[in-house]
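J.: Those protein sequences? They're chains A and B, same order as listed.
Under the numbering used here, think of the first position of the first sequence as 622, with each following residue one higher.
Under the numbering used here, think of the first position of the second sequence as 622, with each following residue one higher.
Pasting in a structure now, in structure tokens, and then I'll have a few things to ask.
Number of protein chains: 2
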Amino acid sequence: MPLREAKKAAVRQALVAAANRRFHRHGFEQTTIDEICADAGVSRRTFFRYFENKEALAFPHRNERLERFLALLDGAGHSPNPVDGLRAICEIFAQEYSANRAAILAQQRLVDSVPALAAREHEIDRDWETAMAATFHRRFGRGAASERRARLMAGAAIGVIRATMRYWYEKDGKPDLARLGQEALDGLEQGFLS
Amino acid sequence: MPLREAKKAAVRQALVAAANRRFHRHGFEQTTIDEICADAGVSRRTFFRYFENKEALAFPHRNERLERFLALLDGAGHSPNPVDGLRAICEIFAQEYSANRAAILAQQRLVDSVPALAAREHEIDRDWETAMAATFHRRFGRGAASERRARLMAGAAIGVIRATMRYWYEKDGKPDLARLGQEALDGLEQGFLS
DNA sequence: CCAAAACTGGCACTCAGTGGCACTTTAGGG
DNA sequence: CCCTAAAGTGCCACTGAGTGCCAGTTTTGG
């Protein structure tokens, strides 16, 4: 890695680490950007060259996660039924989340305790939904009907996924996330007809 | 209505009206709270006694809508299948939205153009989802399994509803919203199995 | 080793949002 | 009708987020 790039990564990492410490110790609103900068040894002006705003600090992996999800979606077997692809991806993410349970739960508790962060999180969900809709649409083929179908399906998918995550968070990450995910996708596939 | 209450309603209305004019003419970020207050003939300090923040101005009916939805949900026939209730509510809201098409589309364009507003909008969706989940749960009866089912269903429902609304907005409110809604609920009921 | 490009720091500025206090208006009992 | 308590408002000062600008420093590639 070129020196310049390495330094940038280090600064970014320092900011995230400092922010996490303070957020978890004193809360999000109680932490000022100045304090984070001081801890990270960087000027406030520089902070805003790394992050759009304070909220962004709470989702440092936003872009990587999305890109990885996209790659997996595209890569996932070209089965006619796109839920099959989701099932595979579900396994991968479930494993990752379970492995980092403690950190992820802490992060989530922070997000849930700050309305502004909760709102941002939904923005992220929307990115995923859009990505999914585009992929499904590509798979379903041309046509307005197929687009609508793809978008409905993506919306429902994000809906059950988010509901599942919230359930898992609520139960302190105790349940088997992969299993919960598969059950959620069952509902997506077969519907909720009583 | 007692005098005091009437005055409060008038001030609130004046603030919303002034904000709408400015937001639509010059954009959300370009409008300062000071300007809105000047138009409405009220001090900045008072503004914050009516609205939590600038964003709240963009969703003046947030609470009424949620309460009405809740009432309808509770009131909706006690059919074993809660989607039936949603179908009825869908008709009512579809009619209201179609009747106020122009205003609602303008509002939505504003929301979509400002990330912070889009984020807040999702917060609202979550309120609806929570309400739905609680109602479904009540209808499904006690038990952890029934709660999970209720929450998955509510998540999926909000997912398809939101996707439908976005589609309708995109098409400038031209399609028959009631019909779109019923199709979305079909997907929710019967699933998306290819 | 040198110039261009990338990065950083510091300063001054705007605006959102809050706390405190004095002042005005309304409600309601005598 | 009047007078007091409560509700509502205005003003001021303050903190902190976020931005524009420019000067100084570091890295890169030739």
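Glycine is no exception: its CB is placed at the ideal position from the N, C-alpha and C atoms.
1) Taking CB distances under 9 Å as the criterion, tell me whether Thr653/A reaches chain B.
2) Assuming Met774/A and Phe813/B form a contact by the criterion Cβ under 8 Å, report the distance between their Cβ atoms to the nearest whole angstrom.
3) Take Leu693/B as the anchor and find which of Phe761/B, Trp749/B, Tyr788/B has the nearest alpha-carbon.
4) What do you get for Gly802/A, buried or exposed, if any count of 16 or more other CB atoms within 10 angstroms of its CB means buried?
5) Alpha helix (DSSP H) containing Arg763/B: first to last residue?
6) State the DSSP-derived secondary structure class of Ala818/A, mapped to helix, strand or coil.
7) Give the range of the alpha helix (DSSP H) segment to which Thr667/B is assigned.
8) Going by CA-CA distance only, name the one from Lys628/A, Arg686/A, Arg747/A, Ala740/A that's closest to Tyr718/A.
9) Closest to Ser734/B by CA distance: which of Gly648/B, Gly776/B, Phe690/B is it?
10) Please confirm whether Arg671/A and Arg646/A have their CB atoms less than 9 Å apart.
11) Return the CA-CA distance between Phe757/B and Leu806/B, expressed in angstroms with no decimal places.
12) Which residues in chain B have a C-beta closer than 8 Å to the C-beta of Pro736/A? List them in chain order.
13) Specify the secondary structure class of Glu650/A as computed by DSSP and reduced to three states.
14) Taking the Cβ atom as the reference point for each residue, do Gly762/B and Val781/A lie within a distance shorter than 9 Å?
15) Can you tell me the Cα-Cα spacing of Cys711/A and Arg760/B, whole angstroms?
16) Any residues in the segment 760-774 of chain A with a beta carbon nearer than 7 Å to a beta carbon of chain B? Which ones, in chain order?
17) Give me the Cβ distance between Leu731/A and Asp793/A, rounded to the nearest whole Å; I'm assuming they're in contact under 8 Å.
18) List the residues of chain B whose Cβ lies closer than 8 Å to the Cβ of Asn684/A, in chain order.
19) For Gly794/A, which of helix, strand or coil comes out of DSSP?
20) Hey, how far is the Cα of Met786/A from the Cα of Arg772/B?
21) Which residues in the same chain as Leu691/B place their Cβ atom closer than 7 Å to its Cβ, once the five residues preceding and following it in sequence are excluded?
22) Is the distance from the Cβ of Ala777/A to the Cβ of Leu798/A below 9 Å?
23) Would you say Phe680/B faces chain A, with C-beta separation under 9 Å as the test?
T.: Considering the structure as presented:
1) no
2) 5 Å
3) Residue Trp749/B is the option with its Cα nearest to Leu693/B.
4) buried
5) Here Arg763/B belongs to no alpha helix (DSSP H), and DSSP marks it neither H nor E.
6) With chain A represented from 622 up to 815, any question about residue 818/A goes unanswered, as that position is not in the structure.
7) 665-671 is the span of the alpha helix (DSSP H), which, as asked, contains Thr667/B.
8) Arg686/A
9) Gly648/B
10) Before going further, note that residue 671/A is Tyr rather than Arg in the sequence given. No, Cβ-Cβ distance for Tyr671/A and Arg646/A is not below 9 Å.
11) Note on geometry: alpha-carbon atoms of Phe757/B and Leu806/B lie some 15 Å from one another.
12) Glu744
13) Reduced to three states, the DSSP call for Glu650/A is coil.
14) no
15) 30 Å
16) Arg769, Arg772, Leu773, Met774
17) Approximately 15 Å separates the beta-carbon atoms of Leu731/A and Asp793/A; this is outside 8 Å, ruling out the contact.
18) Simply none; closest approach about 15 Å.
19) It is coil, neither helix nor strand.
20) 11 Å
21) Ala752
22) No, Cβ-Cβ distance for Ala777/A and Leu798/A is not below 9 Å.
23) no
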